[in-house]
Each structure stands twice: as structure tokens, then as C-alpha cells.
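Reviewing the structure listed below.
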Amino acid sequence: MWDQRYAGEAYVYGQTANTFLQQHITDLTGPVLSVAEGEGRNAVFLAQHGLEVVGVDSSAVGLAKAQRLAKSKKVTITTVQADLAEYQPAVNYFASVVSIFAHLPSQLRRTLHHRLAKALRPGGVLLLEGYSKQQLGRGTGGPNNLDMLFSLDELLQDFPGFKVILGQEIQREVIEGTGHTGLAEVVQLILQKPK
1 MWDQRYAGEA
11 YVYGQTANTF
21 LQQHITDLTG
31 PVLSVAEGEG
41 RNAVFLAQHG
51 LEVVGVDSSA
61 VGLAKAQRLA
71 KSKKVTITTV
81 QADLAEYQPA
91 VNYFASVVSI
101 FAHLPSQLRR
111 TLHHRLAKAL
121 RPGGVLLLEG
131 YSKQQLGRGT
141 GGPNNLDMLF
151 SLDELLQDFP
161 GFKVILGQEI
171 QREVIEGTGH
181 TGLAEVVQLI
191 LQKPK
């Protein structure tokens, strides 16, 4: 499905990094793990800020475009093709984890989030933005499946013991390529793993 979506020349979600990530880049240090990286816009942005970044996605087509984008911007990123349901990141390795619109069925989401928590070093930071359950039916982005949408409370339960730096459900204009366009209901989260 994702290979087909990314098959065209255009970047489905644009070449510019997610707005929430841009606003909070100074909260992050490397190495950074970026999950559901797609065509590379967020990984390239992180690399442009001098951070070592590993972008993980299931789509070989998307990751090939990510590498082309990195080359065009004269930065280096590492890409890993993996199904997020099975991906096992290194434990206590990453200083930051970025998850932008990485929607999975709730059971898989919890499993992935527990793995991401383990992947972070003590004191590491998780930055996440995704569509909230209020987004269902809006038609401006995100899955059309309530189980794959987020609530702040559910996300906080996925990362027990983490310090909440920012946690909110808000409505905001999302203009990120043709895939995310319009007024949307999102959850934004910045958490710190206990030291």
C-alpha cells in the first residue's frame, strides 16, 4: 500500500518537516530515531540541524525517496526498511525518538510504543504528533479507523513513568503535502524518559 502511495515523483506529505517537529527541534538531541519516516522530510530536517538520524519505514519506495531528498539537501541519513509491528530498535541507544502521524491498530501501537520507550536512553525525549479520535470523518488526513487514532490518555498510558513536558489535544491547520491538508484534530506530546 505505502509503496504504491509513494510511487509518484511528488512527495505525498511534502518535503518540509512537520510543523510541530520544527517548533520543538531544540528539545531534541541525537541520535534520533524517526518512525514511519515515509519519504524523509522529517529525517532530512533533523539531519540539517546536525543530528544523527535513523528513519524507519516499511516502504522501500518511500525510503529511496528519503535518500534522494537527503542527497539533494546535502545531508546524510540512515534508513531502515522494517514493519513497525516487528521492528526492534536498539535498547537505551537513542537520545530522541520522533513519531509523526505513525498510526497503527491500538494493540500494535502499544507494542511499538513500549519498544520506543526501551530504545530511549535515560533522560531521552519522545516527540509525537498524530491525529486524535476527534479527527474521524473530517477528511483532512489520518486513518478512517477510530482504533488507529489517538487520545492523550491512551498515549500517556503507553509511556508510564515518563515526565510530561507537553501533552495536548488541539485543533490546528495541517498543511503537509497533499496527504495532510486542512483543519485537523491532533494530539501533541513531548515526554522525557526517567533518568
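Just so we're aligned, residue 1 is where the sequence shown starts under the UniProt record's numbering, counting upward by one. Quick reminder that beta carbons are idealized off the backbone N, C-alpha and C, glycines included. It should be emphasised that the depicted structure is a prediction, and the values quoted were computed from it without experimental measurement.
Is it true that the segment 107-124 meets the segment 46-62, where meeting means three or more beta-carbon pairs spaced less than 8 angstroms apart?
-> no
Report the three-state DSSP secondary structure of F159 (helix, strand or coil).
-> coil
For residue 202, which of helix, strand or coil comes out of DSSP?
-> Only positions 1 to 195 of the chain appear in the structure, and residue 202 is not among them; the question remains open.
Mapping DSSP to helix, strand and coil, what is T111?
-> helix
Using DSSP bridges, identify the partner residues of E86.
-> The partner list for E86 (beta bridge, DSSP) is empty, contrary to what the question assumes.
Consult DSSP for L51 and reduce its assignment to one of helix, strand or coil.
-> coil
Simplified DSSP state of R138, which is helix, strand or coil = coil
Does DSSP put F94 in a helix, in a strand, or in coil?
-> strand
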